[in-house]
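Since the structure comes first, as structure tokens, the remarks are kept for the end.
In this note's numbering, the protein residues as written are -10 to 198.
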């Protein structure tokens, strides 16, 4: 009796085994079962396959949160402030350089004007000295000329050609004897009026000296 039961159980086990092998073969042939899935089944049967692996692999990857808009705005504002600061610094330097240049130009202009003024003063002084020297030389020559010519001719030239101031200077520097001869040559009434005016000016100069 037991022998028959053993043979029946063995036969049933073989039938189940053939059924499982057939099913596995079918799954392999149809592509529903491969080596990776077979390994996963073995891990499940052995209790080694983690339950959350499939869930973890099937969940979509978490997306990174987009950068906050406020951070972008802050960075933009900082960039603008830096740009404005650089522009203000550049303008400040430009104004400072222009002011320095203007001051340098003004100093150069003032210096040039001072040099021109000095040259003008020097020129005027040299001109006065030259005129004074020329007048002195001309006066010396005129004194020599009137002192050597005929007294009547000297009187006529002094009266008609020279200014009263020059006549006064010439007669004052002239030799007294020569001057007396020129005075004695004044015969007409007109000559006497003229010589009287000259003598009055000579007397005035002597009084003031």
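Where a beta carbon is used, it is the ideal one built from N, C-alpha and C, also for glycine.
Residue 101 classed as buried or exposed, judged by whether at least 16 other C-beta atoms fall within 10 angstroms
Locating residue 101 in the chain shown gives position 112, where the first residue counts as 1. Exposed, by the Cβ-count rule.
Could you check what DSSP says for residue 152 in three-state terms: helix, strand or coil?
As a position in the chain shown, residue 152 is number 163, starting the count at 1. DSSP places residue 152 in coil when its eight states are reduced to three.
Determine the extent of the alpha helix (DSSP H) in which residue 178 is found, giving its start and end residues.
Indexing the chain shown from 1 puts residue 178 at position 189. That run of the alpha helix (DSSP H) goes 178 to 197.
Residue 181 versus residue 167: straight-line alpha-carbon distance, rounded:
Within the chain shown, residue 181 is the residue found at index 192, counting from 1. Within the chain shown, residue 167 is the residue found at index 178, counting from 1. Straight-line Cα distance between these residues: approximately 17 Å.
Cut-off 6 Å between Cβ atoms - residues of its own chain near residue 43, not counting five sequence neighbours on either side
On the chain shown, position 54 is the one that residue 43 refers to. Any answer about residue 43 is weak, because its pLDDT of 48 lies below 50 and its placement is not dependable; what the coordinates show is given next. Excluding residues within five positions, none has a Cβ falling inside 6 Å.
To the nearest angstrom, report how far apart residue 81 and residue 110 are at their CA atoms.
Position 92 of the chain shown holds residue 81. Position 121 of the chain shown holds residue 110. Computed Cα separation, rounded: 43 Å.
State the Cα-Cα distance for the pair residue 66 and residue 60, rounded to the nearest angstrom.
Numbered from 1 along the chain shown, position 77 holds the residue referred to as residue 66. Numbered from 1 along the chain shown, position 71 holds the residue referred to as residue 60. Rounded to whole angstroms, residue 66 to residue 60 spans 10 Å at the Cα level.
Indicate whether the contact test is met: 3 or more Cβ pairs, each with one atom in the segment 151 to 162 and one in the segment 116 to 132, closer than 8 Å.
yes
For residue 71 and residue 83, I'd like the C-alpha separation in whole angstroms.
As a position in the chain shown, residue 71 is number 82, starting the count at 1. As a position in the chain shown, residue 83 is number 94, starting the count at 1. Whole-angstrom Cα-Cα distance: 18 Å.
Buried versus exposed, by CB contacts within 10 Å (16 or more), residue 73:
Position 84 of the chain shown holds residue 73. Counting Cβ neighbours within 10 Å, residue 73 comes out exposed, since fewer than 16 surround it.
Take residue 176 as the anchor and find which of 75, 89, 140 has the nearest alpha-carbon.
In the chain shown, residue 176 corresponds to position 187, counting from 1. Ranking 75, 89, 140 by Cα distance to residue 176 puts 140 first.
Residues near residue 156 in its chain [Cβ-Cβ closer than 7 Å; skip 5 each side]:
Working through the chain shown from its first residue, we reach residue 156 at position 167. Here the set comprises 147, 187.
How close, in whole Å, do the beta carbons of residue 136 and residue 164 come, if the pair is a contact with beta carbons under 8 Å?
Within the chain shown, numbered from 1, the residue matching residue 136 stands at position 147. Within the chain shown, numbered from 1, the residue matching residue 164 stands at position 175. Yes, residue 136 and residue 164 are in contact; Cβ-Cβ is about 6 Å, under 8 Å.
Please report the distance separating the alpha-carbon of residue 193 from that of residue 178.
Translated into positions along the chain shown, residue 193 becomes position 204. Translated into positions along the chain shown, residue 178 becomes position 189. Computed Cα separation, rounded: 23 Å.
What does the alpha-carbon distance come out to for the pair residue 174 and residue 184?
Your numbering for residue 174 matches position 185 in the chain shown. Your numbering for residue 184 matches position 195 in the chain shown. Their Cα atoms are separated by approximately 10 Å.
Is the beta carbon of residue 144 sitting closer than 9 Å to the one on residue 105?
Position 155 of the chain shown, counting from 1, holds the residue named residue 144. Position 116 of the chain shown, counting from 1, holds the residue named residue 105. Going by C-beta atoms, residue 144 is not nearer than 9 Å to residue 105.
Which runs of the alpha helix (DSSP H), 4 residues or longer, sit entirely within the segment 95 to 175?
140 to 150, 153 to 162, 165 to 173
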